[in-house]
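One structure is given here, and the rest of the page talks about it.
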Amino acid sequence: MLLKNKQIAIVGGGPGGLTLAKLLQLKGVDVKVYERDLNKNARVQGSPLDLHDESGLAALRKAGLLDDFKNNFMVGADQSTITNHKAEIFFSDHGQKQEGNFGDEHFRPEIDRGVLRKILLESLDPETIIWNCHFLSITKQDEGWLLHFKNKESVYADIVIGADGANSKIRPFLTDIKPFYSGITMLEGNVYEAEKKVPNISEILRGGKIMAFGNKHDILMGQKANGEIGFYASFKTDENWATTCGIDFSDKYEVLKWFKKEYPEWSSVWYELFENSSTPFIPRPIYCMPLDQTWKTVENITIIGDAAHLMPPFAGEGVNMAMLDALELSEDLTSSQFNSIESAIAEYEMHMFKRASQMAQESLENGERMHSENALETMLDFFAGHKGE
1299 MLLKNKQIAI VGGGPGGLTL AKLLQLKGVD VKVYERDLNK NARVQGSPLD LHDESGLAAL
1359 RKAGLLDDFK NNFMVGADQS TITNHKAEIF FSDHGQKQEG NFGDEHFRPE IDRGVLRKIL
1419 LESLDPETII WNCHFLSITK QDEGWLLHFK NKESVYADIV IGADGANSKI RPFLTDIKPF
1479 YSGITMLEGN VYEAEKKVPN ISEILRGGKI MAFGNKHDIL MGQKANGEIG FYASFKTDEN
1539 WATTCGIDFS DKYEVLKWFK KEYPEWSSVW YELFENSSTP FIPRPIYCMP LDQTWKTVEN
1599 ITIIGDAAHL MPPFAGEGVN MAMLDALELS EDLTSSQFNS IESAIAEYEM HMFKRASQMA
1659 QESLENGERM HSENALETML DFFAGHKGE
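Each number in the working numbering comes from the position in the sequence shown (counting from 1) with 1298 added on.
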């Protein structure tokens, strides 16, 4: 076996990194995950994730965690409502969808990000996660790498896998290719105790998702666990909007004033989101890796997830691609068909480049559709074509 007596270091403890660690441990591999967070409760996790049968769910199935997922996913959170800027409903599949079945390629069950992380963390061997590790860099040592941290002793690993997200510090050791700005920025807010605080929105949401379109601007939101709603004002602007707009993102009334100005024809129904959101709001300029990116394989280092193929969120593929990366890389590294670690990594990267490029293209195209003049009609046509799937 290629990984016999090898120490594997995974930098980053998001869904991709944790899934990879679990799949490698099932094959008897010695693996550690180095995570910057102080501990498992260090920060609030982001929006819910919809997992797809051929990627995210396939990885959980292989990891033996599908039953845990079934016991924890958010029933009905995949149901959607489409409105115009006046909050008038033009489409809803609430009550129309048959109960989704696992194994159906069109069933995309949602799970709270924090809950998925908990499932993965609790499935790992004790001491797998090394918390409070602020990764800085790696240097070559013998046949492997020495990993350097801001606040920990350096450690040696035979193979290093970067699962450290959009601002990966592992990626520059493979390529100098940088992501490009997609032209879209999203302003993120979060409402706790949503049924009480935003009753009008909650009545439209009904525990699922809302996509609201009007005048090239969007509001996108979804139900989170514990009665929370996560929402995004999504719009086209220049790359540096967040630093040049002059808005104090910790002042909800200043943000509401901006919303009224930039979304002038939008109904006052939406105001309650901004009036009741926790602060600060978080501006998120949306980036994408070049669709034609490649690099020369390095024999004992590679990357997965956003570190490898950052893409916009408009196809719901980011986490699914990360978990599929974990599945395919673990299979290649533990396969008997390769005579070297380098050839196993090269096989993984070849497939990863191709499928990630296709998904990134779809995400970019969806982003354009969703922020176009006729976004409402376009998305209604799209959902009508997928009705019943």
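Where a beta carbon is used, it is the ideal one built from N, C-alpha and C, also for glycine.
Which value, in whole angstroms, describes the spacing of the CA atoms of residue i and residue j?
i	j	result
Ser1628	Leu1472	19 angstroms
Gly1326	Ser1466	27 angstroms
Met1668	Val1489	24 angstroms
Phe1529	Leu1631	39 angstroms
Gly1544	Trp1556	10 angstroms
Ala1682	Ile1380	11 angstroms
Asn1339	Pro1313	15 angstroms
Pro1583	Gly1463	15 angstroms
Cys1431	Met1519	33 angstroms
Ile1639	Asn1598	7 angstroms
Trp1443	Lys1330	14 angstroms
Glu1265	Phe1579	The requested residue 1265 is not part of the displayed model; the chain covers only 1299 to 1687.
Ser1575	Trp1593	43 angstroms
Asp1328	Ala1319	9 angstroms
His1607	Glu1663	16 angstroms
Glu1563	Phe1612	24 angstroms
Glu1647	Glu1570	46 angstroms
Gln1591	Ser1565	43 angstroms
Phe1447	Asp1391	49 angstroms
Gln1656	Thr1676	21 angstroms
Cys1586	Ala1654	11 angstroms
Gln1659	His1649	16 angstroms
Asn1538	Ala1510	25 angstroms
Tyr1332	Asp1516	37 angstroms
Glu1486	Leu1445	34 angstroms
Ile1457	Thr1577	40 angstroms
Taking buried to mean at least 16 other C-beta atoms within 10 Å of its own C-beta, is residue i buried or exposed?
i	result
Ile1387	exposed
His1404	exposed
Leu1349	buried
Leu1316	buried
Leu1434	exposed
Val1373	exposed
His1604	Looking at the sequence shown, residue 1604 is not His but Asp. It counts as buried.
Tyr1479	exposed
Val1309	buried
Lys1550	buried
Glu1645	buried
Lys1438	exposed
Asp1474	exposed
Could you tell me the boundaries of the beta strand (DSSP E) in which residue i lies?
i	result
Trp1443	1442-1447
Lys1550	Note, Lys1550: premise wrong, no beta strand (DSSP E); alpha helix (DSSP H) at 1550-1560.
Ile1436	1433-1439
Arg1667	Where Arg1667 is concerned, there is no enclosing beta strand (DSSP E), although the alpha helix (DSSP H) it sits in stretches over 1639-1668.
Hey, residue i and residue j are a contact pair by Cβ (cut 8 angstroms); roughly how many whole angstroms apart?
i	j	result
Lys1522	Asp1366	Not quite, the Cβ-Cβ distance comes to about 19 angstroms (not below 8 angstroms), so this is no contact.
Glu1526	Leu1554	Not a contact, Cβ separation roughly 19 angstroms.
Gln1305	Ala1455	5 angstroms
Ala1375	Gly1505	6 angstroms
Pro1621	Ser1378	For the sequence presented, residue 1621 should be read as Met rather than Pro. Met1621 to Ser1378, Cβ: 23 angstroms. No contact.
Phe1636	Leu1300	7 angstroms
Ser1633	Ala1642	7 angstroms
Glu1493	Phe1533	That belief does not hold up - the Cβ atoms of Glu1493 and Phe1533 are roughly 27 angstroms apart, past 8 angstroms.
Which residues share a DSSP beta bridge with residue i?
i	result
Ile1527	Val1489, Gln1521
Val1309	Tyr1332, Gly1460
Ala1540	Paired residue(s): none; Ala1540 is not in a bridge.
Tyr1454	Leu1444
His1404	DSSP output for His1404 lists no bridge partner at all.
Tyr1585	Tyr1479
The alpha helix (DSSP H) that contains residue i, what's its start and end?
i	result
Asn1430	First-last for Asn1430: undefined, no H or E at that position.
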